[in-house]
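S.K.:
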Amino acid sequence: TAQPEPETVGELARGCLEGLALKYRWVITALESLTGVAVETIRIVGGGSQNALLCQFTADAAGRRVVAGPAEATAIGNVLMQAIATGHIASLAEGRAMVARSFAVKEYEPHPSDGWDAAYARFSKLSRGME
75 TAQPEPETVG ELARGCLEGL ALKYRWVITA LESLTGVAVE TIRIVGGGSQ
125 NALLCQFTAD AAGRRVVAGP AEATAIGNVL MQAIATGHIA SLAEGRAMVA
175 RSFAVKEYEP HPSDGWDAAY ARFSKLSRGM E
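Going by the numbering used here, the first residue of the sequence shown is number 75, and it counts up by one from there.
Put into structure tokens, the structure is as follows:
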């Protein structure tokens, strides 16, 4: 790909996080194209939601607000489904409201830049070459 190899652990980590953020933008752009529905907010849950740099990179690269959390979304979703199945809560909407009241989320506003757009153009070109 003619990209320089990372020389430090920090460069490697940054490359991984930037790559994830750019891939999120690429997938969201493809989904919007296929569905005709605009994605205004990206929700990041699970372990990635605890990485502030990943969340901000995603907001910046994608030009969309990111809502991060809860980190234990898989377990929470499992408990909600069990609560619905056993009649402890009446609906998914009730469960979602319960989660919203019970777990804090963090929001990241986008700060788009020409640098992210240029990186996305390179990323898209490289990604198309791998298909």
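Backbone N, C-alpha and C define an ideal beta-carbon position, used for all residues, glycine too.
Quick caveat, the model's predicted, so the values are computed rather than measured.
Start and end of the beta strand (DSSP E) containing Asn76?
M.R.: If you number the sequence shown from 1, residue 76 lands on position 2. Asn is not the amino acid found at residue 76; the sequence shown has Ala there. Careful: Ala76 lies outside any beta strand (DSSP E) and carries neither H nor E.
S.K.: Relative to the C-alpha of Leu94, which residue among Leu127, His162, Ala149, Ala112 is closest?
M.R.: The residue you call residue 94 lines up with position 20 of the sequence shown. With distances taken between Cα atoms, Leu94 lies closest to Leu127.
S.K.: Val140 bridges to which residues according to DSSP?
M.R.: Sequence index remark: in the sequence shown, residue 140 carries index 66 (1-based). For Val140, which the question treats as bridged, DSSP gives the partners Ile116, Tyr182.
S.K.: Looking at C-beta atoms only, is the number of pairs between the region 181–199 and the region 150–161 that lie closer than 8 Å three or more?
M.R.: With a cut-off of 8 Å, the region 150–161 and the region 181–199 do not count as touching, because too few Cβ pairs lie within range.
S.K.: Take Asp188 as the anchor and find which of Ser201, Ile118, Ala135 has the nearest alpha-carbon.
M.R.: For the purposes of this step, residue 188 is taken as residue 114 along the sequence shown, with counting starting at 1. Looking at the Cα atoms, Ala135 is the closest of the given residues.
S.K.: In the structure shown, what three-state DSSP assignment does Ile158 receive?
M.R.: Stepping through the sequence shown from its first residue, residue 158 is reached at position 84. Note: Ile158 maps to helix in three-state DSSP.
S.K.: Would you call the CB atoms of Thr132 and Val140 closer than 8 Å?
M.R.: As a working mapping, residue 132 is identified with position 58 in the sequence shown. As a working mapping, residue 140 is identified with position 66 in the sequence shown. In this structure, Val140 lies closer than 8 Å to Thr132 by Cβ.
S.K.: Could you name the residues of the same chain whose beta carbon sits closer than 8 Å to that of Tyr98, not counting the 5 residues immediately before and after it, in chain order?
M.R.: Locating residue 98 in the sequence shown gives position 24, counting from the first residue. So the list reads Ile116, Thr132, Ala135, Ala136, once near-sequence residues are dropped.
S.K.: Suppose contacts are defined by Cβ-Cβ distances below 8 Å. Is Val179 in contact with Gly143 by that definition?
M.R.: On the sequence shown, residue 179 is found 105 positions in, with the first residue counted as 1. On the sequence shown, residue 143 is found 69 positions in, with the first residue counted as 1. Yes, Cβ-Cβ distance for Val179 and Gly143 is below 8 Å.
S.K.: Counting along the chain, where does the alpha helix (DSSP H) carrying Gly121 start and finish?
M.R.: As a first step, residue 121 is located in the sequence shown; it is residue number 47 there, counting from the start. Here Gly121 belongs to no alpha helix (DSSP H), and DSSP marks it neither H nor E.
S.K.: Under 8 Å by Cβ, that's how I've got Ala145 and Gln124 pegged, so tell me the actual separation to the nearest angstrom.
M.R.: The residue given as residue 145 occupies position 71 in the sequence shown. The residue given as residue 124 occupies position 50 in the sequence shown. That belief holds up - the Cβ atoms of Ala145 and Gln124 are roughly 5 Å apart, short of 8 Å.
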